[in-house]
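For reference, the structure is listed below as structure tokens.
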Amino acid sequence: DAMVIQNPRYQVTQFGKPVTLSCSQTLNHNVMYWYQQKSSQAPKLLFHYYDKDFNNEADTPDNFQSRRPNTSFCFLDIRSPGLGDAAMYLCATRDASTDTQYFGPGTRLTVL
Amino acid sequence: DAKTTQPPSMDCAEGRAANLPCNHSTISGNEYVYWYRQIHSQGPQYIIHGLKNNETNEMASLIITEDRKSSTLILPHATLRDTAVYYCIVRGSNQGGKLIFGQGTELSVKP
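Protein chains in written order, with the working numbering: chain A, 1 to 112; chain B, 1 to 111.
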């Protein structure tokens with residue numbers, strides 16, 4: 001089945017140690033999103049790509065960066081994770097024809 | 001984007017209809033109403049969206065009032081698997097597809 005895949009599902013890192021989360025899709029959608037969801041809160045958009053065009057949300061910290069080497073893959077890089085960056089990170093794609101987003105299962109990041 | 005207001009939580013008996021309200025009194029003419037849900041520890045899932053006409057699909061029905069200031073998501077026969085947080089989101093069609101999530105309604109379907 002076509003889908004959005006996130007690896008790993010659980011990631012543990014140390015305070016200040018760079019970490020990369022990955023997302024891949026078999027849906028061939030042009031748009032990909034990264035959301036952060038902290039405990040008991042709603043998902044919050046960090047940034048998105050329209051093809052290779054990167055769009056950062058105004059309040060996304062500089063500590064968060066992203067790469068999209070091709071249509072299928074998108075990466076979230078956290079340069080120096082702090083304790084406050086512990087969260088679920090959700091990747092999504094958008095089907096422009098139906099204007100719906102398809103979410104992956106998320107990666108839960110723990111910062112020690 | 002127009003803000004939405006939803007009750008923080010609701011209960012529903014299994015097999016009964018679940019009616020989830022959403023207020024969006026500042027919605028503008030080109031803004032759509034979207035509903036997503038998030039089952040615990042999963043990514044959000046699209047349910048339905050509409051502009052001004054009522055919509056129905058295999059998951060749910062969306063009823064939008066004539067003045068478009070509020071809407072109701074209806075799950076006609078709720079099951080235990082429908083227990084989730086339901087998000088009502090209002091967005092224009094020209095906003096890059098971005099979803100701004102509010103706090104949502106936590107629906108508990110009980111046996």
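Ideal placement from N, C-alpha and C gives every residue a C-beta, glycine not left out.
- Relative to H29 of chain A, the option among A:F15, A:M88, A:F73, A:T20 whose CA is nearest is A:F73.
- Considering only A:N7, A:S80, A:T60, the residue with the shortest C-alpha distance to L112 of chain A is A:S80.
- Per DSSP, reduced to three states, the secondary structure at D95 of chain A is strand.
- If you draw a straight line from the Cα of S41 of chain B to the Cα of S97 of chain A, it comes to about 28 Å.
- At a cut-off of 7 Å between C-beta atoms, P69 of chain A does not count as an interface residue with respect to chain B.
- Neighbourhood of K98 of chain B in chain A, by CB distance below 9 Å: Y33, L45, H48, N55, E57, in chain order.
- For G84 of chain A, the three-state secondary structure derived from DSSP is helix.
- By the Cβ neighbour-count rule, M88 of chain A is buried, with 16 or more other Cβ atoms within 10 Å of its own.
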